[in-house]
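Take the numbering used here: the final residue in the sequence shown is number 910, and no numbers are missing along the way.
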Amino acid sequence: MKLTGAQAVWESLVREGVEVVFGISGGAVIHLYHALPDYPIHHVLMRHEQAAAHAADGYARATGKVGVCMATSGPGATNLVTGLATAYMDSSPVVAITGQVPTSLIGKDAFQEVDITGITLPITKHNYLVTEVEALPTVIKEAFHIARTGRPGPVLIDVAKDVQAATLEYEYPQEVNLPGYRPTLIGHQRQIKQAAQLINQAQRPVIIAGHGVVLAGAEAELRELVEKAQIPVVNTLLGLSTIPETHPLCLGMGGMHGEAYANKALQDADLILNVGSRFDDRLTGPVSTFVPEAKIIHIDIDPAEIGKNVPVDLPIVGDARNALQALLPLIEPASHPDWISKINEWRVESGERDILQQETDALIPQYVVRHIWHATAGEAIMVSDVGQNQMWEAQYFLHHKPRGLISSGGLGTMGFALPAAIGAQIGQPKEMVWATAGDGGFQMNIQELATVVQEKLPLKMAILNNGFLGMVRQWQQFFFEGRYSGTPLLGPDFAKVAEAYGIPGFTVREKSQVVPAIEQAMAIDGPALIDFVIEQEENVYPMVAPGGSIGDMLRRPNPDSKVQSSKLKKGGGSG
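Here is the structure:
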């Protein structure tokens with residue numbers, strides 16, 4: 336059949352199973368938007384292109400499908416960059432479609448021209464500049480294949496304006512032919528057998544479960560291995576939810592702000608099985624001090640990640656689910672009572688330092704997050720922003736729901752939570768979705784409250800408002816002589832801002848108001864926003880000092896400490 340290039344784009348998206356696109360129109364995509372009403376794809380009009388990319392990312396993470404965003408040329412395309420970099424760092428399958436000036440004007444500094452394929456080359460898995468209309472079907476087929484297979488990631492397609500208007504005899508390819516792209520999905524059997532031998536012989540094993548477990552859908556296999564071999568699990572930030580945090584063998588998050596007992600377990604282990612984590616610096620600290628006594632097995636679908644940061648004893652390249660399925664029959668049932676007992680002693684000691692175990696009338700963020708967990712029974716999809724609020728959410732919401740935590744891990748993008756939560760809610764309309772953010776990050780994409788209302792989303796939003804760019808302020812307090820330069824932050828009355836957009840808003844200043852406000856927000860058939868005005872100088876504990884080993888953490892003083900009362904005035908976090 337004969338179609339315009341614009342029609343070919345939408346027809347191809349329909350054939351790829353796309354149901355929703357997040358975007359903003361403009362001159363260089365006007366042909367695409369003209370053709371859109373003829374196709375069964377819901378367009379979500381975002382208020383900023385960065386938010387469109389984050390929404391597509393949140394949609395992808397919540398559903399496992401490819402998220403799609405769209406923007407015009409020039410500033411529209413460049414505004415996608417932060418969102419694409421976020422998706423790239425966190426291996427999120429996103430396809431971005433941008434308009435470009437007509438082919439006759441490319442390279443001539445035309446109005447709203449920018450080399451977006453050049454700009455995004457380092458932050459996309461692949462990208463295309465389409466200057467011939469006949470190439471569109473093949474390019475789109477390849478883009479979706481690349482985005483969703485192997486290690487997922489974003490792909491950008493830049494389509495010249497005249498290509499969108501031109502016509503072609505449309506035929507969508509049934510398969511792709513990419514000789515240079517052959518992801519390894521099945522681990523080498525000899526290496527799998529060697530891994531089983533090391534696991535069976537280990538006395539103090541620990542599993543590190545990362546985002547790759549989520550992407551592979553390997554939660555069931557991970558849990559089977561954990562329970563069969565009785566191996567404790569430490570999660571990365573994006574690995575949270577791969578095993579229920581209420582499971583007795585789950586140690587929660589490790590690394591810079593991880594649980595102290597999780598980091599102690601890592602540092603004392605004789606074997607580390609890393610499944611789907613890239614050994615990033617926030618987990619390891621200085622590599623020279625990381626897991627000094629352990630042999631390391633690393634399972635990852637991306638061979639470039641193995642040995643990149645941490646030398647390993649046994650590499651296994653492959654999909655996490657496939658690798659664990661091959662490994663499980665070779666694992667002998669085991670128990671490590673002395674090892675588990677030792678870890679539990681560390682866990683008890685950390686619990687004694689937990690601020691929730693201490694009497695305080697102050698409105699602390701840990702209390703807020705824990706009561707969101709109680710109110711939702713842990714069944715919500717939590718979309719967290721970046722900074723202190725991200726760490727408090729990771730520490731005090733006990734994740735057990737697969738794909739239950741969505742956050743910007745690798746890039747640490749403030750402003751991520753609200754638009755990503757929009758994408759997650761649209762992707763999972765029957766699920767309860769909460770966005771948690773600080774007052775700094777929330778203001779970075781606050782305009783998307785309009786999108787929440789326009790799309791009639793039942794999104795719940797919690798702002799942990801301390802009047803600072805909190806994580807930077809914490810560093811300034813600990814390591815830069817308490818000079819709060821560039822971190823005190825003026826914000827609006829968030830409840831009134833919400834009301835201005837047509838969203839019920841609540842302001843909570845007292846601890847006694849926390850539970851009623853959460854319950855009231857959840858009872859509303861629609862969106863709701865709660866502004867929790869928390870202790871200004873509350874800190875995240877534990878914390879690894881710059882350049883410090885994860886085995887040597889800054890801890891909350893024990894309640895028996897003589898300096899406890901003065902320290903509590905300055906902050907808090909987990910033990």
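All residues carry an ideal CB built from backbone N, CA and C; glycine is no exception.
Per the contact definition of three or more C-beta pairs closer than 8 Å, is the segment 693-709 in contact with the segment 830-848? yes
On a Cα-Cα basis, can you pick out the residue from Thr-571, Asn-724, Ala-445 that is closest to Ala-363? Ala-445
Give the list of continuous alpha helix (DSSP H) stretches no shorter than 4 residues that lie fully inside the segment 472-516. Runs of the alpha helix (DSSP H) inside the segment 472-516: 496-500.
Assigned exposure category for Ser-896 - 16 Cβ within 10 Å defines buried: Caution applies to Ser-896, whose pLDDT of 49 falls short of 50 and renders its modelled position unreliable; the value that the coordinates give is listed next. It is exposed - the Cβ of Ser-896 has fewer than 16 other Cβ atoms within 10 Å.
Please report the distance separating the alpha-carbon of Ile-678 from that of Leu-584. 10 Å
Residues that Gly-358 bridges to, as DSSP identifies them: Leu-380, Met-405
Return the residue from the list Asp-373, Gln-693, Gly-361, His-366 that minimises the CA-CA distance to Val-349. Asp-373
Which term fits His-389, buried or exposed, when burial requires 16 or more other beta carbons within 10 angstroms of its beta carbon? Buried is the call here.
Could you give the distance in angstroms between the alpha-carbon of Glu-990 and the alpha-carbon of His-734? Residue coverage of the chain in this structure runs from 336 to 910, which leaves residue 990 outside it and unanswerable.
Roughly how many angstroms separate the alpha carbons of His-706 and Glu-714, rounded to a whole number? 13 Å
Inter-residue spacing [alpha-carbon to alpha-carbon] between Ile-492 and Gly-409: 14 Å
Within 10 Å of its beta-carbon, does Phe-815 have 16 or more other beta-carbons around it, so buried, or fewer, so exposed? exposed
Selection from Asp-866, Ile-631, Pro-839 that minimises the alpha carbon distance to Thr-771: Asp-866
If the criterion is Cβ atoms closer than 7 Å, does the pair Glu-630 and Leu-659 meet it? Note on identity: in this sequence residue 630 is Lys, with Glu being the wrong assignment. Going by C-beta atoms, Lys-630 is not nearer than 7 Å to Leu-659.
Grab the span of the beta strand (DSSP E) containing Val-353 for me, first residue to last. Note, Val-353: premise wrong, no beta strand (DSSP E); not H, not E.
Measure the Cβ-Cβ separation of Gly-802 and Leu-824 and say whether it is below 7 Å. yes
What did DSSP end up calling Gln-435 once you bin it into helix, strand or coil? strand
The beta strand (DSSP E) that contains Pro-540, what's its start and end? 540-544
If I follow the unbroken beta strand (DSSP E) through Val-795, where does it start and stop? The sequence shown places Lys at residue 795, rather than the Val named in the question. That run of the beta strand (DSSP E) goes 795-800.
In whole angstroms, what separates the C-alpha of Trp-727 from that of Leu-799? So the alpha carbons of these two residues sit roughly 10 Å apart.
Rounded straight-line distance, which links the Cα of Glu-854 to that of Ala-501: 55 Å
Between Glu-405 and Gly-352, how many whole angstroms is the CB-CB distance? I'm expecting something under 8 Å. It is Met, not Glu, that sits at residue 405 in the sequence shown. That pair is no contact at about 17 Å.
Does the beta-carbon of Ser-742 have 16 or more other beta-carbons within 10 angstroms, so that it is buried, or is it exposed? buried
DSSP beta-bridge partners of Ser-719: Ser-742, Thr-771
Just to confirm my understanding: we take Ala-395, look at its own chain, exclude 5 residues before and 5 after, and list those with CB closer than 7 Å. What are they? Closer than 7 Å at the Cβ level, and outside the excluded window around Ala-395, lie Val-401, Gly-402, Ser-427, Pro-428, Val-429.
Tell me Ala-863's beta-bridge partners as DSSP assigns them. Lys-795
In the DSSP output, what is Asn-535 paired with across the bridge? DSSP output for Asn-535 lists no bridge partner at all.
For Pro-489 and Ala-387, the rounded distance between their alpha carbons: Between Ala-387 and Pro-489, the C-alpha separation is close to 13 Å.
Quick one: what's Thr-624 bridged to in DSSP? DSSP, once it has assigned bridges, lists no residue as partnering Thr-624.
Going by the beta-carbon positions, is the gap between Val-647 and Leu-601 smaller than 7 Å? No, the Cβ-Cβ distance between Val-647 and Leu-601 is not below 7 Å.
Chain-order list of residues whose beta-carbon lies under 8 Å from that of Trp-345 (same chain, five-residue window excluded): Answer for Trp-345: Leu-367, Ala-370, Leu-371, Asp-373, Tyr-374, Ile-376, listed in chain order.
Classify Met-806 as helix, strand or coil using the three-state DSSP reduction. helix
State the Cα-Cα distance for the pair Ile-675 and Met-424, rounded to the nearest angstrom. So the alpha carbons of these two residues sit roughly 34 Å apart.
Supposed close pair Tyr-596, Ser-685 - CB separation, criterion 8 Å: 5 Å
Report buried or exposed for Ile-757, applying the criterion of at least 16 other Cβ atoms within 10 angstroms of its Cβ. buried
Bridge partners of His-592, per DSSP? In the DSSP output, where bridge partners are listed per residue, His-592 has none listed.
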